[in-house]
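4 protein chains.
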Amino acid sequence: MDDKLQANDRHPVAAAPASLRQRFTAVRAETLALAAPLSPEDQSVQAMPDTSPTKWHLAHVTWFFETFILRPYQSDYRPFNAAFGFLFNSYYEAAGDRYPRPDRGLITRPGSDEIIAYRSHVDAAMMRLLDAEASPKTPEICTLTELGMHHEQQHQELLLMDILNLFSRNPLRPAYRDAEPSHASAPVPPAADWLTFDGGIYEIGHDGDGFAFDHESPRHQTLLRPFALAGALVTNGDWLVFMNDDGYQRSDLWLSDGIAWVREHKWQAPLYWYRQEESGPWFEMSLLGGHPLERAAPVSHISYFEADAYARWAGKRLPTEAEWEVAAGNQAIAGNNLGRNQLRARPANAQGTNPHQFFGDLWEWTASAFSGYPGFTAPQGAVGEYNGKFMSGQMVLRGGACVTPEDHLRVSYRNFFYPHQRWAFTGLRLAEDRP
Amino acid sequence: MDDKLQANDRHPVAAAPASLRQRFTAVRAETLALAAPLSPEDQSVQAMPDTSPTKWHLAHVTWFFETFILRPYQSDYRPFNAAFGFLFNSYYEAAGDRYPRPDRGLITRPGSDEIIAYRSHVDAAMMRLLDAEASPKTPEICTLTELGMHHEQQHQELLLMDILNLFSRNPLRPAYRDAEPSHASAPVPPAADWLTFDGGIYEIGHDGDGFAFDHESPRHQTLLRPFALAGALVTNGDWLVFMNDDGYQRSDLWLSDGIAWVREHKWQAPLYWYRQEESGPWFEMSLLGGHPLERAAPVSHISYFEADAYARWAGKRLPTEAEWEVAAGNQAIAGNNLGRNQLRARPANAQGTNPHQFFGDLWEWTASAFSGYPGFTAPQGAVGEYNGKFMSGQMVLRGGACVTPEDHLRVSYRNFFYPHQRWAFTGLRLAEDRP
Amino acid sequence: MDDKLQANDRHPVAAAPASLRQRFTAVRAETLALAAPLSPEDQSVQAMPDTSPTKWHLAHVTWFFETFILRPYQSDYRPFNAAFGFLFNSYYEAAGDRYPRPDRGLITRPGSDEIIAYRSHVDAAMMRLLDAEASPKTPEICTLTELGMHHEQQHQELLLMDILNLFSRNPLRPAYRDAEPSHASAPVPPAADWLTFDGGIYEIGHDGDGFAFDHESPRHQTLLRPFALAGALVTNGDWLVFMNDDGYQRSDLWLSDGIAWVREHKWQAPLYWYRQEESGPWFEMSLLGGHPLERAAPVSHISYFEADAYARWAGKRLPTEAEWEVAAGNQAIAGNNLGRNQLRARPANAQGTNPHQFFGDLWEWTASAFSGYPGFTAPQGAVGEYNGKFMSGQMVLRGGACVTPEDHLRVSYRNFFYPHQRWAFTGLRLAEDRP
Amino acid sequence: MDDKLQANDRHPVAAAPASLRQRFTAVRAETLALAAPLSPEDQSVQAMPDTSPTKWHLAHVTWFFETFILRPYQSDYRPFNAAFGFLFNSYYEAAGDRYPRPDRGLITRPGSDEIIAYRSHVDAAMMRLLDAEASPKTPEICTLTELGMHHEQQHQELLLMDILNLFSRNPLRPAYRDAEPSHASAPVPPAADWLTFDGGIYEIGHDGDGFAFDHESPRHQTLLRPFALAGALVTNGDWLVFMNDDGYQRSDLWLSDGIAWVREHKWQAPLYWYRQEESGPWFEMSLLGGHPLERAAPVSHISYFEADAYARWAGKRLPTEAEWEVAAGNQAIAGNNLGRNQLRARPANAQGTNPHQFFGDLWEWTASAFSGYPGFTAPQGAVGEYNGKFMSGQMVLRGGACVTPEDHLRVSYRNFFYPHQRWAFTGLRLAEDRP
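Residue numbers (the numbering used here), protein chains in the order written: chain A, 2 to 436; chain B, 2 to 436; chain C, 2 to 436; chain D, 2 to 436.
Next comes the structure, spelled out in structure tokens:
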């Protein structure tokens, strides 16, 4: 998922304007808080075409409210700057032309101050709209506002992913935030247990309760064979064993496209691993800067190609998304998400609130190609572009990461990336067939 | 599928050496017959990296028998030329280094005569091996020989696909074969009927009877909802309507990757369509040379991206591979395949042997990403590379084409290409949900 | 010339430390003044690989003093930050590894404040060094300081070129500085005169008086045939006539490499020309923002390929660098250079201080490939890398531009760029043979 | 120079039709003789965009006579095939559209037989034309025929260069011709002498006697300083010393563009050198196939970048083209050219007919960028495209090679290639200043 979001007009939102106001304010404030540690320069630069500058994220999520809510529904709305419609559209063909994505880092002006002013302008107008007397349009406005907030939460995660990517290119390895002294007791390592499930017909997909994106529907039946999922994510320590077994060299472990990519890009390790000297110990760059590799922590910033190769090496496989959803249905949404403020994946803790590391730490690659559920069709209009048009070439990830807002998570959530991408907070959990 | 083939040691072949000999001779002769109309130059050149020279196909299928059968099982076998192992390996990492695929067209020597001699050398050794007294190794030899013959049949189709691609780059538009005067009565156009199917649990995959590739197994249950498939393939005439409705320009009809590809490559029509003047009528290049577009014939040489966009434009969708297999299970393998010697897709004929155009004319794009069936694992050894390692980024096609040998077809056959590829003989059949 | 500079140990500088101090202070202050109108974001971004961020320029010229003077000659010098040697080396192979040039825009930290502190640190150390009692090393220190100041002046021009390029990519077309109301009387257009010269043996190259770069020597004799140079630069109005005569379409006017470049990059006009609507009037982007094209002003931001094609179209040719140097020897260094603060090329004025537009407005393309003068060899050591290694594939430009500091100009100055480059302030003057 | 040729209407050819006929027949026959050892496949394939298939050379030189002589001057001429004008035009914009150069290897039809027929058709028509009674057009016809023959001779050399390049890509290393047992006595190595010359004004350029290309004129004066040229070409043995001194690694020896190219393309040795095992002895691929490197032979197939780096390493420099022409004026055209049938550069022989290796063995890189002589302008019409439009980015080579026809050589001949190209038969001779 890059910067996509979507309406969901088939699951109307029940929330009243009053409660929306409060959440709107909170979501908007959270985005600014995430940008606060960053200098104007940090916020303006784009490290690679897949990413966007912080400043662009701040403006684009604002553009969403302006374009899809204020312009159509607030009759006297005065746009902040006519040029912003072109500058801050991401990929909505129906919303007109847009500035080329790979060049987003060239827009040094408007500067950060002007973007803050743009946000305030739109926030004030949104408040007026949500304060207005109820009208026949109110349900649509509420639905779209709900959508806009989830959209903004997606970009909160993207903002952090993208900043880490930018900082990783700087040989000084700046930290987004300093590490704090840890007062927690050491985690209790999980038993190497497996979570097992019977075969049969299950239902997956959004159950209609609360917000969801269009591609989480329709809820439908699926036929599964008996299976088991690992009770924890694969760790950095595990990954070192794979690497030391020539994991990145042995073509028999890889998909054909995977080994070709590995060779072309000279991959030797996960994205943010580095060494300070030839054959020296491994370090990892995270939002806390550079630090020695933590063996008990989940391996992160790996591609689908790497996850798939590891599973084959281990004699296992990746879960399908249906298996994952069935398994996660029993788990609390109480993992290491953005609310915990860890900003990186943490070791599993058998005695914590989330012993099996669902719904936090890292998005988990599945074996499922991203496609429409049976009966899926994209909604009409610009919001229909948000997920359906990405249904080729990408793989589904499930769960959520240490940079995902907690109230953005749900069991039916479907994230997706191309198999070579690894700047997201990605990891893997093994699966196997059961008799 | 480019030049891949696979062993299938889990479905041992029952055929005895004697009958194998006969089929071996026939398959080998058929390949030479397909190359016969081509000059030495035609046989040596590679038009794009996806394709291979005819000469390379002739040698590579021979190399297969030499490498996987004669070397391991014929103790006194003397290789024809030690360098051929390097030159004519396609992608078998386990079989050692190989010459770079995009450079296959640079190997002007050995020339065609020497390749013919190579084939004779290997044929003679194979005959000796199949004539030998039975031994404990005989079943393995028979299984691999069977595999080698199916491999060679795949390359018969590839040879024709690749030659058409080469000839299409020549402004003189040479014909592989001249058109013959048609004595057939005009086809009776099909009623625009739909084949309808109930929902429920079906079994798909190879049933263990006769040869199949590894990825057609395991046979397994799948849950389908009620659906219908069109009773004929989409035609050139249909496609013109789509084009005239700005089909190639309207981004709302396309996958995001699809419209990007269309714009980058300036696609305006199927691969081999051309005009002799601006805005003039359309022509098509086929193995019979250039000729006016035939409206009643199925549209061919389209990518998945185009098939998907057409289906969306038509308000329909593509079938899944399970739906296709269920539907085709009722049809005879009696379509327009290589045995009919038409060498291009023909109009549907409601009164012909194959009124619904299954198993011939064109490979049909499905909505299913190519992946392993539940419980699939690749076989051990070099033959394990043949299908499993391609399970990312490609889409499944079903059926068979006018250039596919008839005895190479079966209902469980899974072909696969990347969504942008269209030099294969590809077409589409629409599907829709039923209540 | 990108960011190159050079020692000139064969032309020792006579200046005493005291006067050097004064000039050092002035040059350093001028650089900061040029950066002052730019925001931190403006200063951090790199618009294309040929350019560098302002911040990088500020740091790199400082790194030069630190690396080539303070480290070797100031025994107790404490480097500001050890990592800066890697970050701010441009291309000096002898000075160690360096950060990849195309990635200079990714270094958001150190921020502008820290770069200012770096400059102050180095300035203070330089002052101490220049204040110190004379020693046997003093002449070397003075020579290198002189070199460093000229180097910094080169980067003053580069800074302005690069900012214009960055701003040109922003659809808002920001201005580096606002235009001021003009109080000058209208320029008097020059008569279309030619400056004529006899054939014979001339001397060109640096005459040993004052500073010069290594590649301006040795002074040497050259044999010229009778020639004439145009008395003014080609104007925007002239260029429109060329364009309207299909100048960018007619292959017969162009070098083979030139027309290939034009077609590949779809060039239709000089670099910073644009239209607000199809077939509407032309505008131009300059450091003063976007404004209607001024017909009487010299055409600027053209490549060698364009200059060469124009000359062929006009039935003339470009001057050789020897011809230019001979002709300019009679002219005062009193043109439209950085000191005039115009920041763009201005119309010729027959009654001004520089009626023929030498030494200002624009660098003038010559027909001479950049190579070493007879007897040239590069100096030893890192400073030897500065010009000699660029002697292939580039063309010489002569004169100076509206963004070149006045005391940086001299008649023997040799600038050079690749024939396709046009983000520098480049223009052309016609030449012709005389009987 | 790739496939360029040019008229020379300012130096009318004195030859009468009768003697032209004889030479025409001889040149045409020689081309076919050079192609005779090659199979149809060899003749059809293009190994890289810089090269062309043999078959294309055979047809293109024929197209020249058809296009520039038969069509305009033979009123009843019937073109062999209308499509050939498109297929076999090289780069003459004025002669209409043309098939893309990088795709020349895709034209498998017409086959070799048809190209031979095309040649015969044109030869017969040319004979009729040259046999016809004299008319006012006869001088033009003779001039263009002379030009066409020189053009064809250029392509004789290109044909051999291109075939070597193709064969070098084949791991079987085919030989164009087998080596013959040598009966010659061993060459007598030259003394390491230098040929010295005084400074002063010299004349260079074509003197008007016999045929020359347009860019060899006007003959003009040039001013030289005292200089010396080495009495022999640099040898493979010399080159090994350079390589062993880290010649390909030391950036201080290289032009900036040169070392960038070396690193990007991982150059370690001249183009056709290879090893059979890591750190084993060097071999070289030539038109005689692969063989151990001959230390006494001149180093060949090097780029300008390499020649320049070697000269710098040796403390010398390359000659200018004027120096070379002055020096070669004293030498007989009696070197190792195509007439000697050696097909590769041979060791210098102090007692041979050409002790200093001018006019044969290898084209010699000079320090001179390719540009027009003072007063040069390209001729009108299509023939004006042949040299003038290549005057940017290329360097001049002088002399001639072991694959250049002897009667194609002259002292004023100017060959040119880009500084990175090295598939031509190129070498180097050192130069130095003298007091």
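For each residue, glycine too, the CB sits at the ideal point set by N, CA and C.
Applying the criterion that 16 or more other CB atoms from any shown protein chain within 10 Å of the CB defines a buried residue, is residue i buried or exposed?
i              : result
residue 390(A) : buried
residue 152(A) : buried
residue 386(B) : buried
residue 421(C) : buried
residue 1(D)   : Only positions 2 to 436 of chain D appear in the structure, and residue 1(D) is not among them; the question remains open.
residue 388(B) : buried
residue 245(D) : exposed
residue 3(C)   : With a pLDDT of 39 at residue 3(C), under the threshold of 50, the modelled position of that residue is not reliable, and the figure given next carries that caveat. Answer is buried; the Cβ neighbour count reaches 16.
Please identify the residue among the options whose C-alpha is closest to the C-alpha of residue i.
i              : options                        : result
residue 170(C) : 340(C), 272(C), 37(C)          : 272(C)
residue 381(C) : 93(C), 246(C), 75(C)           : 93(C)
residue 258(D) : 208(D), 200(D), 306(D)         : 306(D)
residue 206(A) : 431(A), 102(A), 327(A), 107(A) : 327(A)
residue 337(C) : 349(C), 26(C), 330(C)          : 349(C)
residue 431(D) : 362(D), 339(D), 318(D)         : 318(D)
residue 128(D) : 97(D), 163(D), 37(D), 19(D)    : 19(D)
residue 418(C) : 428(C), 410(C), 409(C), 241(C) : 428(C)
residue 376(B) : 37(B), 40(B), 195(B), 220(B)   : 220(B)
residue 440(A) : 96(A), 197(A), 301(A), 250(A)  : This structure cannot speak to residue 440(A), because chain A is shown only from 2 to 436.
residue 167(D) : 30(D), 290(D), 211(D)          : 290(D)
residue 229(B) : 97(B), 286(B), 95(B), 196(B)   : 196(B)
residue 405(C) : 23(C), 25(C), 24(C), 32(C)     : 32(C)
Pull the bridge partners of residue i from the DSSP assignment, please.
i              : result
residue 398(A) : 366(A), 416(A)
residue 291(D) : 286(D)
residue 116(D) : Note: residue 116(D) sits in no beta bridge, so no partner.
residue 63(B)  : The partner list for residue 63(B) (beta bridge, DSSP) is empty, contrary to what the question assumes.
residue 1(C)   : The first residue shown for chain C is 2 and the last is 436, placing residue 1(C) beyond what the model contains.
residue 299(B) : 236(B)
residue 223(C) : 203(C)
residue 228(C) : 198(C), 434(C)
residue 276(C) : 283(C)
Kindly list the residues whose CB is nearer than 6 angstroms to the CB of residue i, restricted to its own chain and excluding five residues on each side of it in sequence; keep chain order.
i              : result
residue 130(A) : 75
residue 379(D) : 385, 389
Is the beta carbon of residue i within less than 7 angstroms of some heavy atom of the ligand COA?
i              : result
residue 201(A) : As presented, the structure is devoid of all ligands, the ligand COA included, so that no description of it is given.
If you drop the 5 nearest sequence neighbours on each side, which residues of the same chain put their C-beta closer than 7 angstroms to that of residue i?
i              : result
residue 105(C) : 47, 53, 54, 57
residue 226(C) : 200, 434
For residue i, which residues from the same chain have a beta carbon less than 8 angstroms from its beta carbon, with the 5 sequence-adjacent residues on both sides left out?
i              : result
residue 284(D) : 274, 275, 276, 277, 291, 292, 293, 294
residue 330(B) : 412
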